[in-house]
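Peer 1: According to mature numbering (1 follows the signal peptide of the UniProt record, and there is no 0), the stretch in the sequence shown is residues -16 to -1, 1 to 251, in order. We put the CB at the ideal spot given by N, CA and C, even for glycine. Dropping a structure here in structure tokens format, bear with me for questions.
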Amino acid sequence: MRSIFLHSILISFVSSQLPFILQINNQFTSLTDVDYRNAQFVPNSLVRRTRNLHNDMRFPSMRIKRGGVAVVAEKDKWPNGRVPYILSAAYTSAQRAVLAKAFDAYAKKTCIRFVPKSPTDQDYIVIQKLDGCYADFSRVGGRQQVSLADECIDYSTIIHELMHVIGFIHEHQRDDRDRYVKILYQNVIPGANTDFDKLSNLGLSYYNENYDYMSIMHYESNEGSRNGKNTIEAKIPHYTPLMGRATDFSASDLRRVNRAYKCSTHF
């Protein structure tokens, strides 16, 4: 019953906001009740991540403070877990269904809500097909980008990118990662080293969660490789081939989101 109730809330909100969305620009729209119904029939082939995600988290210039360090604070979270969006009209019905499946997963498992932008929303995300898979990190303020090109439209990739939107970094960039993984910089694509550096200065909390090899935010072992060899290896070798293979939130991912956004009903 709870699942149906949440779905009904999403649909009613979409329906009430759709006229405004369509008036913004005929190039943008929002998801509809048809998209959420179609989400139930997304094939397994559109669930598994299909491409590497290096360079998928971006820090817009307006977020760069204090000598180039991006500072994450409570004000950088989306108020009440509400994330307004507009969506490119270029997505096919099948692609919209995958997006709806991801939005619905956040609604059912956390208190995060991706809702159509209203006339009064000043901060919002624009989801469109740009140059690959990436998202602006956390709540920037104003209009911010989420690029989901055709090759990015699978459920796990969308979940991953939306985690960046709400303020979560890659697992291998935690400041305690050296206890759990080894980064093989000699195998990394030239110029991509920053994708593997620790983000020790962001002021992030891990919400009392240990390093999670199975997080949806973990890179695969050969992500961003210049030669097909591993760029990341687990210090517990068993985990090396498993990293980055998640197709959904891990239990740890959900606890972090729900603690960060004080989603008391989801603990």
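#1: Around the C-beta of Ser77, are 16 or more other C-beta atoms found within 10 angstroms, so that it is buried, or is it exposed?
#2: Note down the Cα distance separating Asp60 from Ser131, rounded to an integer number of angstroms.
#3: Can you tell me the Cα-Cα spacing of Thr13 and Pro103, whole angstroms?
#4: Would you call the region 202 to 211 and the region 155 to 175 touching, i.e. three or more CB-CB distances under 8 Å?
#5: Going along the chain, which unbroken runs of the beta strand (DSSP E) with 3 or more residues stay wholly within the region 110 to 184?
#6: Going straight from the alpha carbon of Pro125 to that of Gly175, what length do you get?
#7: For Val110 and Ala119, what's the separation of their Cα atoms in angstroms?
#8: Based on Cα-Cα distance, which residue from Cys136, Arg123, Leu183 and Lys93 lies nearest to residue 254?
#9: Can you check which of these residues, Tyr139, Cys247, Gln106 and Pro225, is closest to Cys117 by C-alpha distance?
#10: According to DSSP, is Leu30 part of a helix, a strand, or is it coil?
#11: Starting from Arg97 and walking both ways along the alpha helix (DSSP H), at which residues does that stretch end?
#12: Between Tyr108 and Tyr69, which are expected to be in contact by the criterion C-beta below 8 Å, what is the C-beta distance as a whole number of angstroms?
#13: Residue ranges of each alpha helix (DSSP H) run of no fewer than 4 residues wholly in the region 65 to 108, ordered along the chain?
#14: Count the other CB atoms within 10 Å of the CB of Arg239; is the residue buried (16 or more) or exposed (fewer)?
#15: State the beta-bridge partners of Ser205 as determined by DSSP.
#16: Assuming Ser199 and Asp237 make a contact with CB atoms under 8 Å, what is their CB distance in whole Å?
#17: Going by alpha carbons, who is nearest to Asn214 out of Leu71, Asn22 and Asn171?
#18: Terminal residues of the continuous alpha helix (DSSP H) containing Ala218?
#19: Tell me whether Phe25 sits in a helix, a strand or coil according to DSSP, three-state version.
#20: Please report the distance separating the alpha-carbon of Asn177 from that of Tyr169.
#21: Beta-carbon separation of Tyr245 and Trp62 under 9 Å?
Peer 2: In terms of the structure at hand:
#1: Locating residue 77 in the sequence shown gives position 93, where the first residue counts as 1. Label assigned to Ser77: exposed.
#2: By one-based count along the sequence shown, residue 60 stands at place 76. By one-based count along the sequence shown, residue 131 stands at place 147. Whole-angstrom Cα-Cα distance: 20 Å.
#3: For the purposes of this step, residue 13 is taken as residue 29 along the sequence shown, with counting starting at 1. For the purposes of this step, residue 103 is taken as residue 119 along the sequence shown, with counting starting at 1. Roughly 14 Å between the two C-alpha positions.
#4: yes
#5: 117 to 120, 127 to 132 and 165 to 167
#6: Counting from 1 along the sequence shown, the entry for residue 125 is found at position 141. Counting from 1 along the sequence shown, the entry for residue 175 is found at position 191. For the sequence presented, residue 125 should be read as Gly rather than Pro. Looking at the two C-alpha atoms, the distance is approximately 28 Å.
#7: Reading the sequence shown from its first residue, position 126 is the one you call residue 110. Reading the sequence shown from its first residue, position 135 is the one you call residue 119. Taking the straight line from one Cα to the other gives about 10 Å.
#8: Limits of the chain in this structure are -16 at one end and 251 at the other, which puts residue 254 out of reach.
#9: Sequence index remark: in the sequence shown, residue 117 carries index 133 (1-based). It is Tyr139.
#10: Counting from 1 along the sequence shown, the entry for residue 30 is found at position 46. Three-state DSSP puts Leu30 in a helix.
#11: For the purposes of this step, residue 97 is identified with residue 113 of the sequence shown, where counting begins at 1. No alpha helix (DSSP H) holds Arg97; the beta strand (DSSP E) holding it covers Arg97 to Pro100.
#12: By one-based count along the sequence shown, residue 108 stands at place 124. By one-based count along the sequence shown, residue 69 stands at place 85. Contact flag correct, Cβ pair sits at about 6 Å.
#13: 77 to 93
#14: In the sequence shown, residue 239 corresponds to position 255, counting from 1. Its Cβ being crowded by 16 or more others within 10 Å, Arg239 is buried.
#15: Counting from one through the sequence shown, the residue named residue 205 turns up at place 221. DSSP output for Ser205 lists no bridge partner at all.
#16: As a first step, residue 199 must be located in the sequence shown, where it is residue number 215. As a first step, residue 237 must be located in the sequence shown, where it is residue number 253. 5 Å between Cβ atoms; contact.
#17: As a working mapping, residue 214 is identified with position 230 in the sequence shown. Closest by alpha carbon: Asn171.
#18: As a working note, residue 218 is residue 234 in the sequence shown. Here Ala218 belongs to no alpha helix (DSSP H); instead the beta strand (DSSP E) covers Ile216 to Ala218.
#19: The residue labelled residue 25 in the question sits at position 41 within the sequence shown. Phe25: helix per DSSP, three-state reduction.
#20: Here the question's residue 177 lines up with position 193 in the sequence shown. Here the question's residue 169 lines up with position 185 in the sequence shown. Distance between the alpha carbons of Asn177 and Tyr169 is about 7 Å.
#21: Counting from 1 along the sequence shown, the entry for residue 245 is found at position 261. Counting from 1 along the sequence shown, the entry for residue 62 is found at position 78. Cβ distance < 9 Å, so Tyr245 and Trp62 count as in contact.
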